[in-house]
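J.:
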Amino acid sequence: MPVIQVTAPSAGPDRDAARLTALCRAVAGELGLPGSGVVAALAPVSVTVTGETPVAAWPLAVVHGSPRPAAAMDAALRALGRAMADEWGVPQGEVWTEWSAGRLVPVTGEARG
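Printed below as a string of structure tokens:
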């Protein structure tokens with residue numbers, strides 16, 4: 238199940254939920270999954286700085302998921318970028334998307350000290 242981690246300005250709980258739903262649908266549609274087959278979470282950002290100058294935040298999304306065929310991941314990222322640009326009202330060139338298929342290690346057992 239792909240998980241989209243979004244870093245972007247918040248617009249409040251209801252609008253944020255609608256935005257994340259749109260992102261889930263965009264990615265799910267490209268991967269042939271139901272909308273419920275993708276999870277999205279927002280980490281709100283209030284300040285972004287380029288060097289020493291404050292600037293408007295660029296929406297950023299990382300999809301955490303298993304590796305898939307390159308064409309499928311690329312299509313999902315393009316759809317995600319378009320949806321983010323639409324939802325946050327910014328040009329597509331100001332959106333960053335990435336697929337992370339890092340190594341997942343399940344957490345089991347008790348913590349060791």
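In our numbering, the protein residues as written are 238 to 350.
The beta carbon of each residue, even a glycine, is placed where N, CA and C say it ideally should be.
1) Which same chain residues, not among the five before or five after Glu-331, have their C-beta less than 7 Å away from its C-beta?
2) Measure the alpha-carbon distance for Pro-239 versus Val-284 and round it to whole angstroms.
3) Between which residues of its own chain and Ala-316 is the CB-CB distance below 8 Å, once the five residues before and five after are set aside?
4) Could you pull out every residue in the same chain whose Cβ sits closer than 6 Å to the Cβ of Gly-350, ignoring the five residues on either side in sequence?
5) How long is the line joining the alpha carbons of Gly-326 and Gly-288, rounded to whole angstroms?
6) Comparing C-alpha positions only, which one of Leu-279, Asp-311, Ala-307 sits nearest to Leu-297?
7) In three-state DSSP terms, what is Trp-333?
T.: In this structure, then:
1) Once the five neighbours on either side are set aside, the close Cβ partners of Glu-331 are Trp-295.
2) Using only the alpha carbons, I get a separation of about 27 Å.
3) Closer than 8 Å at Cβ, skipping near neighbours: Ala-263, Val-264, Gly-266, Glu-267.
4) Caution is warranted here: a pLDDT of 47 is assigned to Gly-350, below 50, making its placement in the model unreliable, and no coordinate value can be reported.
5) Distance between the alpha carbons of Gly-326 and Gly-288 is about 24 Å.
6) Of the candidates Leu-279, Asp-311, Ala-307, the one whose C-alpha sits nearest the C-alpha of Leu-297 is Leu-279.
7) The answer is strand: DSSP assigns Trp-333 an E or B state.
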